[in-house]
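Report on the structure given below.
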Amino acid sequence: MKEQRSLFGEILDWMLAPLLLLWPMSVVLTWLVAQGIANKPFDRQLGEMARVLSQQVTVQDAGGGTLPSASFALPASAAELLHTDETDTLYYQVLGLDGQYLSGDRALPMPNDEERAAPGVVRYRDDEINREPVRIAYVRIGLPGSMAAGVEAPIVQVAETLGKRSRLATEIIKGVMLPQFVILPLAVLLVWLALARGIAPLNELQQRIRRRESHDLSPIDERDAPEEVSPLVRAINDLLARLDRSIGAQKHFLADAAHQLKTPLAGLRTQAELAQREIDAGERDPQALKKSLQQIARASQRAARMVNQLLAMARAEDASQALQHQPVNLARLAAEAVHDFVPRALEKRIDLGYEGPETTRRGAAGLSVSGQPVLLRELIRNLVDNALQYTPEGGTVTVRAVDDPFGQVVVVQVEDSGPGIPAAERDKVFQPFYRSLGTNVDGSGLGLAIVREIAQQHGAEITLEDANLRHRPGLSEQGGVAFGPGARFTVRFPVQFPVQVPVEPPAGPGTVTDGNTGESHPT
């Protein structure tokens with residue numbers, strides 16, 4: 043399970059981590075800048091001393107082909123000044139023509155600069171004397187033009203240890219960094235307080251939601267919520283509105299179910315009391331007892347049918363069924379439904395037929411969809427049951443399984459020759475417990491609601507129209523029974539998995555007669 047992160051901690055990390063990462067870099071940069079600042083005044087002083095000493099060097103041309111000579115004269119007072127520094131040690135060195143030693147400390151190393159500086163220009167470098175780091179300023183002395191050819195010019199060097207420079211750099215570092223040690227914790231504290239204040243509306247929103255009763259699904263007031271949280275609050279309000287509608291629909295459904303179950307249960311109780319009263323009275327009329335038992339059986343069948351339909355409705359509304367989809371052959375389900383309802387159709391003398399591919403062991407090519415087999419079987423059975431209920435004796439009910447020539451959908455149709463459904467009621471018949479006006483057929487009004495719910499679970503489209511069987515010869519009136527316009531329910535399933543599923547033929551003897559072609563198919 044992924045560890046849950048705190049929004050407060052996440053923001054705090056992203057704000058403080060760069061700050062703590064950049065702070066050591068700031069220390070290093072500050073040290074480098076402090077070193078540069080500390081070197082400038084001391085370099086200027088050191089260079090001035092080298093320039094003053096270079097003025098004490100004299101170059102003389104002896105003439106007559108004799109080599110020139112250089113001399114250096116340093117007053118005693120000036121020599122004492124070079125050794126009056128109490129912090130650092132000063133070194134100097136004067137070299138004459140061609141590197142001839144004239145005065146100073148011999149330990150000073152010679153400069154190894156490849157590009158010689160112009161005479162009189164002070165240069166600086168870092169070096170060591172007796173393994174101690176020093177800063178050296180040196181200057182070369184210019185020679186007259188007649189003497190410059192092939193002669194190394196005199197050079198004056200002044201070196202100083204780095205005590206004062208390090209002390210000044212340290213003071214600069216302290217002056218810059220010490221306030222940061224105070225500012226940094228203060229900044230962390232301010233960031234912490236700012237985040238806590240910024241998240242306070244979220245905590246308040248949480249408390250408001252937590253204080254709500256379980257039945258309170260009213261919208262959350264988003265006026266006090268931050269702008270960034272308003273979309274979340276609106277989304278929660280939308281969810282609450284949907285939950286409110288769903289719970290309201292469930293309450294309405296349960297109320298209707300209780301009302302519908304009340305009638306058969308009351309009938310059961312009444313008939314049972316009548317039968318018990320007759321037995322207690324000593325009346326042994328078999329016909330009366332038989333009639334009471336028949337009424338009890340019919341009432342119990344009606345109650346059982348309604349309970350089964352309520353369970354089917356609950357299964358259809360269960361979204362977890364969508365996780366159990368698998369390739370299902372609709373031709374087989376349609377043929378099995380027709381086979382199961384043959385006895386009932388024969389009882390009412392209804393011509394129940396199946397039109398579609400034969401459901402052999404090789405299956406019905408192209409009629410497989412992705413779905414939940416139990417729910418799809420329930421859908422087809424409810425359509426057939428509804429058609430048989432409303433079709434008068436001697437009528438016709440046809441179940442079709444049709445393949446789309448473009449391979450996009452699979453169509454299941456159930457057509458009857460019953461009274462039909464007026465156009466004004468065609469949207470209402472799919473509502474739970476709704477029954478068409480003017481009908482005396484016994485039923486719960488749940489069958490078509492189950493059909494619609496299952497169709498929606500499978501992304502199918504269901505349409506209702508007149509069957510127009512009255513226009514077919516011999517069907518307008520048959521055996522003295524007048525037929526209505528009929529109803530045709532069409533369900534179009536999207537083909538998601540065009541897989542041919544091996545199908546076993548329905549078990550049991552007998553055949554199902556095609557209502558229009560007269561062909562017989564195994565059932």
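Counting in my numbering, the sequence shown runs without a single skipped number right up to 565 at its last residue. The beta carbon of each residue, even a glycine, is placed where N, CA and C say it ideally should be. Remember, it's a predicted structure, so these values are computed and weren't measured experimentally.
On a CA-only basis, which of the options is nearest residue i? Give me that one, please.
i           : options            : result
residue 29  : 83, 508, 228       : With the chain covering only 43 through 565, there is no way to say anything about residue 29.
residue 428 : 476, 82, 535       : 476
residue 234 : 202, 148, 57       : 57
residue 256 : 285, 370, 264      : 285
residue 77  : 128, 204, 87, 184  : 204
residue 122 : 290, 321, 146, 409 : 146
residue 240 : 221, 343, 329, 53  : 53
residue 171 : 152, 161, 159      : 152
residue 443 : 275, 174, 371      : 371
residue 217 : 69, 50, 488        : 69
residue 353 : 196, 496, 159, 116 : 496
residue 116 : 134, 445, 75       : 134
residue 165 : 433, 510, 89       : 89
residue 468 : 459, 510, 410, 529 : 529
residue 272 : 247, 291, 254, 294 : 247
Report the three-state DSSP secondary structure of residue i (helix, strand or coil).
i           : result
residue 147 : coil
residue 81  : helix
residue 452 : strand
residue 164 : coil
residue 50  : helix
residue 363 : Its pLDDT being 48, under 50, residue 363 is placed unreliably by the model, and nothing is read from it.
residue 504 : strand
residue 397 : strand
residue 350 : helix
residue 475 : coil
residue 492 : helix
residue 413 : strand
residue 459 : coil
residue 247 : helix
residue 209 : helix
Run the CB neighbour count on residue i, radius 10 Å, all protein chains shown included, and call it buried at 16 or more, exposed below.
i           : result
residue 531 : buried
residue 362 : Below a pLDDT of 50, predicted positions are generally treated as unreliable, and residue 362, at 48, falls in that range; no measurement from the model is reported.
residue 223 : exposed
residue 287 : exposed
residue 96  : buried
residue 48  : exposed
residue 94  : exposed
residue 315 : exposed
residue 535 : buried
residue 502 : buried
residue 83  : exposed
To the nearest whole angstrom, what separates the beta carbons of residue i and residue j, a pair I think is in contact under 8 angstroms?
i           : j           : result
residue 163 : residue 169 : That pair is no contact at about 19 angstroms.
residue 98  : residue 114 : 6 angstroms
residue 65  : residue 226 : 7 angstroms
residue 202 : residue 130 : 5 angstroms
residue 504 : residue 533 : 5 angstroms
residue 376 : residue 441 : 5 angstroms
residue 261 : residue 245 : Not really, about 20 angstroms apart at Cβ, beyond 8 angstroms.
residue 282 : residue 307 : Contact flag wrong, Cβ pair sits at about 36 angstroms.
residue 392 : residue 420 : Not a contact, Cβ separation roughly 21 angstroms.
residue 207 : residue 80  : 5 angstroms
According to the Cβ coordinates, are residue i and residue j closer than 9 angstroms?
i           : j           : result
residue 379 : residue 423 : yes
residue 454 : residue 537 : no
residue 132 : residue 139 : no
residue 296 : residue 317 : no
residue 199 : residue 136 : yes
residue 91  : residue 179 : yes
residue 462 : residue 527 : yes
residue 367 : residue 313 : no
residue 488 : residue 348 : yes
residue 320 : residue 331 : yes
residue 471 : residue 506 : yes
Any chance the CB of residue i is under 8 angstroms from a heavy atom of the ligand FAD?
i          : result
residue 72 : Among the components modelled here there is no ligand, and therefore nothing to report on the ligand FAD.
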